[in-house]
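Notes to accompany the following structure.
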Amino acid sequence: MGSLNKKDIRFTSDGDFNIENGDLVKTENLESIIQEVMIRLKSSFGEFMGLNWGANLKHFMGYSIDQRLVDSVKDRVTNELKRYNLLSGSEFRVNVGQIGRNEIVIVVGLFTREGLLIIANERVQLVNSQ
Numbered sequence: 135m136g137s138l139n140k141k142d143i144r145f146t147s148d149g150d151f152n153i154e155n156g157d158l159v160k161t162e163n164l165e166s167i168i169q170e171v172m173i174r175l176k177s178s179f180g181e182f183m184g185l186n187w188g189a190n191l192k193h194f195m196g197y198s199i200d201q202r203l204v205d206s207v208k209d210r211v212t213n214e215l216k217r218y219n220l221l222s223g224s225e226f227r228v229n230v231g232q233i234g235r236n237e238i239v240i241v242v243g244l245f246t247r248e249g250l251l252i253i254a255n256e257r258v259q260l261v262n263s264q
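Count along the sequence shown starting at 1, add 134, and that's the number in the working numbering.
Encoded structure:
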């Protein structure tokens, strides 16, 4: 894995620093990986703390959902999760599917000793161009 010994600062679901008892809360190992995967899924390039990563799923807004779009989203997410060695291609699987007229779901699974662990299940609302 990119580094299962990864440590980070925990963020809230809104992207704010998580503070408890006046101290920043830290993440370690798998929790850090999961947090970074979610941040990358939800952010655009350069948007999160000025970092040069993010899946930039906003790019797909306004396109009709078809197999080509689903494949493009899957490729975008896969490449983003491999960027800067967060994960290697053999360590995870990305699945993308349409779940409504204007909505897709992105599921990221991480291969562990116990099997495939789902670490992200993100719904993305798209505006259909029709």
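By construction, the Cβ of each residue, glycine as well, lies at the ideal position given by its N, Cα and C atoms. These figures come from a predicted structure and were not determined experimentally.
Notebook entry, point to check: Taking DSSP as the reference, what is the three-state secondary structure of residue 241?
Noted result: Walking along the sequence shown from the start, residue 241 turns up at place 107. In the structure shown, residue 241 sits in a strand (DSSP, three-state: E or B).
Note to self: Could you compute how far the alpha carbon of residue 261 sits from the alpha carbon of residue 217?
What the structure shows: What you label residue 261 is simply residue 127 of the sequence shown in a count that begins at 1. What you label residue 217 is simply residue 83 of the sequence shown in a count that begins at 1. Each residue's alpha carbon lies about 28 angstroms from the other.
Next item on the list: Would you kindly check if the distance between the Cβ of residue 239 and the Cβ of residue 256 is under 8 angstroms?
Entry: Start at 1 with the first residue of the sequence shown, and residue 256 comes out as number 122. Start at 1 with the first residue of the sequence shown, and residue 239 comes out as number 105. Yes, Cβ-Cβ distance for residue 256 and residue 239 is below 8 angstroms.
Note to self: Can you find the residues in the same chain that come closer than 7 angstroms, C-beta to C-beta, to residue 171, ignoring five residues on each side of it along the sequence?
What the structure shows: Mapped onto the sequence shown, residue 171 falls at position 37. Excluding residues within five positions, the ones whose Cβ falls inside 7 angstroms are 215, 242, 253 and 254.
Margin query: Measuring straight from C-alpha to C-alpha, what distance separates residue 166 and residue 246?
Written below: Along the sequence shown, read from residue 1 onward, the residue named residue 166 stands at position 32. Along the sequence shown, read from residue 1 onward, the residue named residue 246 stands at position 112. Going from the Cα of residue 166 to the Cα of residue 246 covers about 15 angstroms.
Item checked: Proximal residues to residue 233 (C-beta, below 8 angstroms), its chain only, five neighbours per side dropped -> Residue 233 sits at position 99 when you count from the first residue of the sequence shown. Closer than 8 angstroms at the Cβ level, and outside the excluded window around residue 233, lie 239 and 257.
Item checked: Buried or exposed (CB count within 10 angstroms, at least 16 for buried), residue 177 -> Start at 1 with the first residue of the sequence shown, and residue 177 comes out as number 43. Residue 177 comes out buried.
Note to self: Taking a contact to mean a Cβ-Cβ separation below 8 angstroms, would you say residue 189 touches residue 203 in this structure?
What the structure shows: For the purposes of this step, residue 189 is identified with residue 55 of the sequence shown, where counting begins at 1. For the purposes of this step, residue 203 is identified with residue 69 of the sequence shown, where counting begins at 1. Cβ distance not < 8 angstroms, so residue 189 and residue 203 don't count as in contact.
Next item on the list: Work out the CA separation of residue 236 and residue 198 for me, nearest whole Å.
Entry: Locating residue 198 in the sequence shown gives position 64, where the first residue counts as 1. Locating residue 236 in the sequence shown gives position 102, where the first residue counts as 1. Residue 198 and residue 236: Cα-Cα distance of roughly 8 angstroms.
Check: To the nearest angstrom, how far is it from the Cα of residue 225 to the Cα of residue 212?
Finding: If you number the sequence shown from 1, residue 225 lands on position 91. If you number the sequence shown from 1, residue 212 lands on position 78. Looking at the two C-alpha atoms, the distance is approximately 11 angstroms.
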